[in-house]
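Shown next, in structure tokens, is the structure this report addresses.
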Amino acid sequence: MNELWPGADRECILDAEYRDRIVRAHRERGRKALRAVEEGRVKRYLDFFVVVGRSDEYVVEADFCTCSDFVFRGCECWHILAVRIAEETGLFEPFDIWYQDTWKP
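All residue numbers for the sequence shown refer to this note's numbering, where the first residue is 301 and numbers rise by one.
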């Protein structure tokens, strides 16, 4: 597996070395993702991960995100990176409810 994402068999610690590897690999997107994880803006619901951005919440599932960057460019955004980091480190806020039940139009 990619050395940046060691996988479920090994838990990562969000130390300086891990942060540096993320920033070297992903530059500004890596910085934004790390900031979101460190600030507790990654939430895990029963159905989705949600990353709280500057102006909205973005649903992330596998390699898909609802943000405009992902929708228009079709490549990995910083929200997806934040979820990967959160999964690897365990640094997310768990919610024992369905995100879809929290959504209000």
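Glycine is no exception: its CB is placed at the ideal position from the N, C-alpha and C atoms.
The model shown is predicted, which means the values in this text are computed figures rather than measured ones.
- Pairing R329 with W378 gives a Cβ-Cβ distance under 8 Å.
- DSSP places F364 in the strand class (E or B) of the three-state scheme.
- With respect to the C-alpha of A362, the residue from G374, R384, R373 having the closest C-alpha is R384.
- Per DSSP, the beta-bridge partners of Y358 are V351.
- If you look at R335, you'll find it isn't in any beta strand (DSSP E); it sits in the alpha helix (DSSP H) that goes 316 to 338.
- One alpha carbon belongs to K343, the other to R324, and they sit about 25 Å apart.
- The Cβ neighbour count for L346, taken over all protein chains shown within 10 Å, is under 16; the residue is labelled exposed.
- The shortest C-alpha to C-alpha distance from R335 to any of G390, S368, A382 is the one to A382.
- As the crow flies, the alpha-carbon of D401 is around 21 Å from that of S355.
- According to the DSSP assignment, R344 belongs to the beta strand (DSSP E) that extends over 342 to 344.
- Excluding the 5 residues flanking it on each side, G374 has no same chain C-beta neighbour closer than 6 Å.
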